[in-house]
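A quick write-up on the structure given underneath.
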Amino acid sequence: MFNFKKWAANFSGGGKAIWKRFLQWNKNHVKEHWKQILISYAVVFLFFAIFLMIDLVTKGLLFEFGSNSANGRYRGSWEAGEAQAINYSWIGIRSVFNYSVTIAGSAEINVDAIQALSLIAIIIFTTIVYFYPALKWWHYFRLLFLGVLTAGILGNAVDRFVWGAVRDMVFVPGYESRGTFNFADSFIIAGVATVLLYTILSIIFDRKDSSKTKEDQERSDYFKSQITSGSADE
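Residue numbers 1 to 234, in the UniProt record's numbering, belong to the letters of the sequence shown in order.
So this is what it looks like as structure tokens:
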């Protein structure tokens with residue numbers, strides 16, 4: 001597993017030395033973990049594809065376009081006054097084009113800027129998988145969360161690329177004033193929250209596993225020493 005602190009501490013020299021050491025580490029990393037890297041990417045892509053499909057399909061089925069625009073902008077049927085909101089008591093449906101970010105409220109954003117940030121985030125997440133492939137069973141939860149998070153980011157990025165805004169159509173009855181969102185928004189929020197939770201739990205699990213490995217090694221060394229000393233006495 002890649003250790004940034006150890007990697008940085010071992011570097012002493014110019015850029016060429018650093019690059020040479022990185023290439024050597026990369027060679028060893030691929031040689032030792034190439035199967036885990038491929039499996040990890042496959043798992044992330046699987047969950048990414050499933051949740052991206054959920055987001056795009058629900059938008060296609062539930063979102064209704066308004067027949068007219070306002071100030072050159074697309075509008076959903078509800079905000080255009082052409083359809084009533086549907087209230088199922090636990091969830092509501094109304095079509096709204098969102099020209100901001102859900103967590104930012106009504107504040108509008110620069111579409112190019114948010115698209116650039118989305119692309120950077122996706123690159124970072126896919127890079128994390130390379131440096132930190134799943135080596136233990138609980139590491140696969142991280143891959144699940146990264147797949148869900150990436151699907152949410154790309155789901156909204158697709159909308160902004162096509163329409164310059166995001167298709168929102170879900171609201172919580174009783175909290176209508178809190179805004180309208182879509183499944184991609186929920187994937188992003190859930191993904192961020194669970195990645196943070198996973199990070200904390202993973203540190204705990206890894207420490208316990210490391211401690212157990214150390215105990216097993218000490219026990220093994222003890223028995224070896226006993227066998228060796230016994231053979232010497234004979």
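Here a beta-carbon is modelled for each residue, glycine too, at the ideal position from N, C-alpha and C.
Every value quoted in this text rests on a predicted model; they were computed, and no experiment measured them.
Check: Roughly how many angstroms lie between the CA atoms of Ser40 and Phe161, to the nearest whole one?
Finding: The residue labelled residue 40 in the question sits at position 40 within the sequence shown. The residue labelled residue 161 in the question sits at position 161 within the sequence shown. Near 29 Å, if we compare the C-alpha coordinates of Phe161 and Ser40.
Item checked: Beta-carbon proximity check, Phe97 vs Gly76, cutoff 8 Å -> Taking the first residue of the sequence shown as position 1, residue 97 is located at position 97. Taking the first residue of the sequence shown as position 1, residue 76 is located at position 76. For Phe97 and Gly76, yes; Cβs fall inside 8 Å.
Next item on the list: Quick one: using the 10 Å Cβ neighbour count with 16 as the cut-off for buried, is Pro133 buried or exposed?
Entry: Stepping through the sequence shown from its first residue, residue 133 is reached at position 133. Buried.
Check: Between which two residues does the beta strand (DSSP E) harbouring Val170 extend?
Finding: The residue given as residue 170 occupies position 170 in the sequence shown. That run of the beta strand (DSSP E) goes 166-171.
Next item on the list: Under 8 Å by Cβ, that's how I've got Met169 and Ile50 pegged, so tell me the actual separation to the nearest angstrom.
Entry: In the sequence shown, the residue the question calls residue 169 occupies position 169. In the sequence shown, the residue the question calls residue 50 occupies position 50. Met169 to Ile50, Cβ: 20 Å. No contact.
Next item on the list: Per DSSP, which residues does Gly191 bridge with? Please list them.
Entry: Your numbering for residue 191 matches position 191 in the sequence shown. BP columns for Gly191 are empty, so no partner.
Next item on the list: Would you mind stating whether Ala116 and Ile153 have Cβ atoms separated by less than 8 Å?
Entry: In the sequence shown, the residue the question calls residue 116 occupies position 116. In the sequence shown, the residue the question calls residue 153 occupies position 153. No, these two residues do not count as a Cβ contact at 8 Å.
Notebook entry, point to check: Which residue comes first and which comes last in the alpha helix (DSSP H) that contains Asn156?
Noted result: Sequence index remark: in the sequence shown, residue 156 carries index 156 (1-based). For Asn156, the enclosing alpha helix (DSSP H) stretches over residues 139-163.
Check: With 16 as the cutoff for other CB atoms within 10 Å, does Ile188 come out buried or exposed?
Finding: Residue mapping note: residue 188 aligns to position 188 of the sequence shown, counting from 1. Classification for Ile188: buried.
Next item on the list: Please confirm whether Gly155 and Leu56 have their CB atoms less than 8 Å apart.
Entry: For the purposes of this step, residue 155 is taken as residue 155 along the sequence shown, with counting starting at 1. For the purposes of this step, residue 56 is taken as residue 56 along the sequence shown, with counting starting at 1. For Gly155 and Leu56, yes; Cβs fall inside 8 Å.
Notebook entry, point to check: Any chance the CB of Asn87 is under 7 Å from a heavy atom of the ligand ATP?
Noted result: Among the components of this structure there are no ligands whatsoever, and the ligand ATP is therefore not found.
Checklist line | Reduced DSSP category for Gly60 - H, G, I as helix; E, B as strand; rest coil | finding: Within the sequence shown, the letter at position 60 stands for residue 60. Residue state, collapsed to three classes: helix.
Checklist line | Thr127 burial status per 10 Å Cβ neighbour count (16 or more: buried) | finding: Position 127 of the sequence shown, counting from 1, holds the residue named residue 127. Its Cβ having fewer than 16 others within 10 Å, Thr127 is exposed.
Next item on the list: Indicate whether Phe48 and Thr150 have their beta-carbon atoms separated by less than 8 Å.
Entry: Indexing the sequence shown from 1 puts residue 48 at position 48. Indexing the sequence shown from 1 puts residue 150 at position 150. In contact: Phe48 and Thr150 (Cβ atoms closer than 8 Å).
Checklist line | For Gly81: DSSP bridge partner residues | finding: Start at 1 with the first residue of the sequence shown, and residue 81 comes out as number 81. Answer is none; Gly81 lacks a bridge partner.
Item checked: Length of the line joining the Cα atoms of Ser118 and Asp112 -> For the purposes of this step, residue 118 is taken as the residue at position 118 of the sequence shown. For the purposes of this step, residue 112 is taken as the residue at position 112 of the sequence shown. Their Cα atoms are separated by approximately 10 Å.
Next item on the list: Would you tell me roughly how many angstroms separate the C-alpha atoms of Ile123 and Phe145, rounded to the nearest one?
Entry: In the sequence shown, the residue the question calls residue 123 occupies position 123. In the sequence shown, the residue the question calls residue 145 occupies position 145. Approximately 15 Å, taken between the alpha carbons.
Margin query: Using DSSP's beta-bridge definition, name the partner residues of Asn87.
Written below: Along the sequence shown, one-based indexing puts residue 87 at 87. Asn87 is bridged by DSSP to Gly92.
Note to self: Please state the DSSP three-state secondary structure of Arg73.
What the structure shows: Your numbering for residue 73 matches position 73 in the sequence shown. Correct three-state label for Arg73: strand.
Notebook entry, point to check: Roughly how far, in whole angstroms, is the beta-carbon of Glu79 from the beta-carbon of Gly66, given that I think they are within contact range, below 8 Å?
Noted result: Here the question's residue 79 lines up with position 79 in the sequence shown. Here the question's residue 66 lines up with position 66 in the sequence shown. Correct: roughly 7 Å between the Cβ atoms.
Item checked: Contact belief for Phe205 with Thr58 at Cβ below 8 Å, rounded distance in angstroms -> Within the sequence shown, numbered from 1, the residue matching residue 205 stands at position 205. Within the sequence shown, numbered from 1, the residue matching residue 58 stands at position 58. Not quite, the Cβ-Cβ distance comes to about 34 Å (not below 8 Å), so this is no contact.
Next item on the list: Return the CA-CA distance between Leu196 and Phe22, expressed in angstroms with no decimal places.
Entry: Here residue 196 refers to the residue found at position 196 of the sequence shown. Here residue 22 refers to the residue found at position 22 of the sequence shown. C-alpha separation (whole angstroms): 28 Å.
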